[in-house]
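A.B. asks:
2 protein chains.
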Amino acid sequence: MSVSSYNFSSFRSGSVVRLAADNSSYNAACGGCPSRHISLCNVLSARDLKKFSEIITDIRKSAKQVICAEGDESGNIYNIRTGAVRISKMLSDGRRQITGFLFAGDFFGLSCRNKYSYTAEAITDVEICSIPRAKIIDSFRKFPELGERAFDMTRIELEATHEQMLLLGRKTAREKLCSFLLAIRGKYKPLDQGDDTIVDLPMSRSDIADFLGLTVETISRQFTGLYRLGHIELEGFHKVVLKDADALFALAEGD
Amino acid sequence: MSVSSYNFSSFRSGSVVRLAADNSSYNAACGGCPSRHISLCNVLSARDLKKFSEIITDIRKSAKQVICAEGDESGNIYNIRTGAVRISKMLSDGRRQITGFLFAGDFFGLSCRNKYSYTAEAITDVEICSIPRAKIIDSFRKFPELGERAFDMTRIELEATHEQMLLLGRKTAREKLCSFLLAIRGKYKPLDQGDDTIVDLPMSRSDIADFLGLTVETISRQFTGLYRLGHIELEGFHKVVLKDADALFALAEGD
DNA sequence: AGTCTGCTTTGACCGCTGTCAAGTATTTAT
DNA sequence: ATAAATACTTGACAGCGGTCAAAGCAGACT
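Residue numbers (numbering that gives the first Met the number 0), protein chains in the order written: chain A, 0 to 254; chain B, 0 to 254.
(1) Thinking C-alpha only, which one of B:Asp206, B:Gly70, B:Gly229, B:Arg227 is nearest isoleucine 218 (chain B)?
(2) Should asparagine 75 (chain A) go down as buried or exposed, given a rule of 16 or more other Cβ atoms within 10 Å for buried?
(3) Which first and last residues belong to the beta strand (DSSP E) in which glutamate 232 (chain B) is found?
(4) Who are the neighbours of cysteine 111 (chain A) on chain B, taking C-beta pairs under 9 Å?
(5) Apart from the five residues on each side of it in sequence, which residues of its chain come closer than 7 Å, Cβ to Cβ, to alanine 72 (chain A)?
(6) Rounded to a whole number of angstroms, what is the C-alpha to C-alpha distance between leucine 101 (chain A) and valine 84 (chain A)?
(7) Given arginine 148 (chain A), which residues of its chain have a CB within under 7 Å of its CB, disregarding the five upstream and five downstream residues?
(8) With C-beta atoms as the reference, is serine 116 (chain B) less than 9 Å away from glutamate 162 (chain A)?
(9) Excluding the 5 residues preceding and the 5 following lysine 242 (chain A) in the sequence, name in chain order all residues of the same chain whose CB lies nearer than 7 Å to its CB.
(10) Residues in the segment 89–114 of chain A with C-beta within 9 Å of chain B's C-beta atoms, listed in sequence order?
(11) Taking 8 Å as the limit between beta carbons, can you name the residues of its chain near histidine 237 (chain B), skipping five residues before and five after?
(12) Can you check whether the CB of arginine 169 (chain A) is closer than 9 Å to the CB of glycine 224 (chain A)?
(13) Answer yes or no: does any C-beta atom of chain B fall closer than 9 Å to that of serine 116 (chain A)?
(14) Using the Cα positions of serine 87 (chain A) and glycine 30 (chain B), report the straight-line distance between them to the nearest angstrom.
(15) So is threonine 160 (chain B) buried or exposed if we call it buried at 16+ other beta carbons inside 10 Å?
(16) Is the beta carbon of cysteine 282 (chain B) sitting closer than 9 Å to the one on isoleucine 55 (chain B)?
(17) So is glutamine 221 (chain B) in contact with chain A if we call contact Cβ pairs under 9 Å?
(18) Rounding to the nearest angstrom, what Cα-Cα distance links aspartate 254 (chain B) and aspartate 92 (chain A) in this structure?
(19) Should aspartate 137 (chain A) go down as buried or exposed, given a rule of 16 or more other Cβ atoms within 10 Å for buried?
(20) At a CB-CB cut-off below 9 Å, which residues of chain A make contact with glycine 212 (chain B)?
(21) Could you give the residue range of the alpha helix (DSSP H) that holds lysine 315 (chain B)?
(22) Starting from the Cα of phenylalanine 179 (chain A), find the closest Cα among A:Phe142, A:Val125, A:Val239 and give me that residue.
(23) Could you check where the alpha helix (DSSP H) with alanine 119 (chain B) kicks off and where it finishes?
(24) Distance, Cα to Cα, alanine 208 (chain B) vs threonine 214 (chain B)?
(25) Can you look up proline 33 (chain A) in the DSSP assignment and give me helix, strand or coil?
(26) Does alanine 252 (chain A) come within less than 9 Å of chain B when only Cβ atoms are used?
(27) With a Cβ-Cβ cutoff of 9 Å, do arginine 80 (chain B) and proline 33 (chain B) count as a contact?
(28) Can you name the residues of chain B whose CB is closer than 9 Å to the CB of histidine 161 (chain A)?
(29) Between valine 2 (chain B) and chain A, is there a C-beta pair that is closer than 9 Å?
(30) Methionine 164 (chain A) and methionine 164 (chain B) - do their beta-carbons sit closer together than 9 Å?
(31) Who does glutamate 126 (chain A) pair with in a DSSP beta bridge?
(32) How would you list, in chain order, the residues of chain A whose beta-carbon sits under 7 Å from the beta-carbon of phenylalanine 142 (chain B)?
(33) With DSSP as the reference, label proline 201 (chain A) as helix, strand or coil.
(34) With a threshold of 9 Å between beta-carbons, can alanine 172 (chain A) be considered close to chain B, or not?
(35) Kindly indicate which three-state DSSP category phenylalanine 106 (chain A) falls into: helix, strand or coil?
(36) Please state whether the Cβ-Cβ distance between glycine 212 (chain B) and leucine 167 (chain A) is less than 9 Å.
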């Protein structure tokens with residue numbers, strides 16, 4: 000089964016993705032996990048995974064539900080099996096910054112001490128697994144390769160946030176949207192159709208705005224602008240066809 | 000010897016901070032290190048530190064010199080012993096985003112794979128130690144507490160970048176500058192003088208602008224604005240007296 | 001099917017911050 | 001010390017993106 004079977008277009012329907020059990024003896028919680036091969040835990044042997052799975056709780060949330068809230072006691076870390084999640088921070092007057100969109104295989108909740116420093120909400124229906132913080136930190140000691148993998152993933156995330164800071168601080172609205180479309184495309188490598196690439200956007204315009212430091216109206220105008228230039232086409236609100244990725248790439252950095 | 004002895008006001012002169020050797024038998028490279036107690040390596044025992052110090056090279060750079068450049072092969076990670084460093088990324092047309100200011104005890108260069116994804120430059124004269132990537136990753140395995148400490152520091156940095164994304168995407172110019180002044184104050188806990196707090200800013204106005212996603216002119220106008228409100232006073236370009244930290248705090252979040 | 005509700009698009013206008021330019025202060029070099 | 005270069009401040013003006021308002025669209029629920 001290939002990775003692309005799990006790109007996020009596959010769960011937009013909200014239906015539950017359930018793999019047929021394979022022939023291994025994994026604990027049910029992890030054995031059938033559709034994101035296992037791209038998750039934190041993919042470094043564990045079958046034997047270690049079974050042990051590891053004992054500390055895991057399965058959770059499902061439907062779209063728009065809160066998974067954890069800024070300020071809550073950060074008792075658990077969460078790993079996404081299917082679906083899309085947004086991570087956000089708010090100012091007291093309601094201004095919101097989305098700091099990341101997370102998908103199958105991504106985890107969150109580790110970069111906090113006592114309290115979550117951000118809110119995580121389900122964008123689509125999601126399946127996630129929850130792991131007590133104290134226990135996963137134990138696991139990092141028990142299974143050093145797991146700790147290394149978590150560290151690696153954290154470093155990759157840190158690099159991505161640096162790129163996003165460049166975007167937020169220095170790019171124009173058009174550059175921001177082009178960068179975003181390409182980043183989403185790159186991250187989930189959706190199927191190519193001819194020369195065009197179709198990108199699924201499970202999040203709303205307002206989510207995109209709050210991710211890029213813009214308003215909904217500006218996002219909408221930029222989508223229209225790119226359409227008029229012939230670089231994209233819109234199929235409903237949540238699908239974008241990239242007609243000319245090279246042009247988008249050029250626009251993304253102001254060249 | 001307290002941490003505050005090493006707050007960054009102490010090296011603004013550019014003079015070399017050198018501690019009297021203590022009575023231990025540390026290797027010279029690390030034994031006299033003025034940032035040892037706040038650095039990565041502070042978790043190592045005297046014995047382990049001695050071993051660890053064998054892979055370290057001391058480096059000095061004077062202000063404005065490049066330590067490593069975006070795109071260079073990322074062979075080393077760097078730890079700051081004294082001085083201030085700026086980390087930045089650039090767009091092809093020269094627009095720059097500073098993603099962080101680093102000081103004694105901070106390290107950089109780990110969150111990259113083959114190439115550095117950012118440029119690091121000395122703001123003041125600096126003393127840094129350089130450690131080959133491959134060897135420090137080895138050390139993480141040999142001294143697990145060192146790896147955990149690096150992981151912890153990386154997670155703290157990641158949380159800070161989330162806060163900075165909120166600032167870049169959603170705060171006004173005034174809110175950005177107030178947040179910045181308070182963050183610098185909080186980070187280095189400089190000496191209080193009466194009720195006022197004096198904050199040292201080794202970086203230029205243009206560095207501050209590129210850190211906050213603004214222009215030099217806007218930074219300058221905001222400094223003047225805060226001065227006219229009576230919340231700060233300027234002592235030369237590189238010292239700010241916070242006359243009313245509470246007011247700044249309120250302004251930092253738009254309350 | 002039809003209505004409702006929330007999401008998205010579009011338009012008109014405004015204001016914050018950027019741009020350009022000139023003048024002042026500070027640092028560096030001689 | 002003096003001169004030159006660099007850094008900072010201030011002013012006038014412009015424009016990008018925000019705000020406010022209204023209309024179009026799509027999915028949800030009877």
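Beta carbons are placed, not taken as given, at the ideal position from N, Cα and C, and that holds for glycine.
C.D. replies: Based on what the coordinates show:
(1) Taking only the C-alpha atoms, the option nearest isoleucine 218 (chain B) is B:Asp206.
(2) When all chains shown are included, asparagine 75 (chain A) counts as buried.
(3) 231–233
(4) Arg154, Glu158
(5) Reading off the sequence, residue 72 (chain A) comes out as glutamate, not alanine. Exclusion of the five residues before and after glutamate 72 (chain A) leaves Asn113, Lys114 as the residues of its chain whose Cβ lies within less than 7 Å of its Cβ.
(6) The C-alpha of leucine 101 (chain A) lies about 5 Å from the C-alpha of valine 84 (chain A).
(7) Excluding sequence neighbours, arginine 148 (chain A) sits near Leu39, Val42.
(8) yes
(9) Asp195, Gly229, His230, Ile231, Glu232
(10) Met89, Leu90, Ser91, Asp92, Arg94, Arg95, Gln96, Ile97, Thr98, Gly99, Leu109, Ser110, Cys111, Arg112
(11) Arg11, Asp199, Leu200, Pro201
(12) no
(13) yes
(14) 43 Å
(15) Threonine 160 (chain B) comes out buried.
(16) Residue 282 (chain B) is absent from the model: chain B starts at 0 and stops at 254.
(17) no
(18) 7 Å
(19) exposed
(20) Met164, Leu167, Gly168, Arg169, Gly212
(21) Here chain B covers residues 0 to 254 and nothing more, so residue 315 (chain B) does not appear.
(22) The residue with the shortest Cα to Cα distance from phenylalanine 179 (chain A) is A:Val239.
(23) First-last for alanine 119 (chain B): 118–121, but that is the beta strand (DSSP E), not the alpha helix (DSSP H).
(24) Cα to Cα, the separation comes out at about 5 Å.
(25) coil
(26) In the sequence as presented, alanine is not what sits at residue 252 (chain A); that position holds glutamate. For glutamate 252 (chain A), the answer is yes, since a Cβ of chain B falls inside 9 Å of its Cβ.
(27) yes
(28) Ile86, Lys88, Gln96, Thr98, Gly99, Ser110, Ser116, Tyr117, Thr160
(29) Here the model assigns valine 2 (chain B) a pLDDT of 29, short of 50, so the residue's position is not dependable and the matter cannot be decided.
(30) Yes, Cβ-Cβ distance for methionine 164 (chain B) and methionine 164 (chain A) is below 9 Å.
(31) In the DSSP assignment, the residues bridged to glutamate 126 (chain A) are A:Arg59, A:Thr81.
(32) The premise fails here: phenylalanine 142 (chain B) is roughly 12 Å from chain A at the closest Cβ pair, so nothing lies under 7 Å.
(33) coil
(34) no
(35) strand
(36) yes
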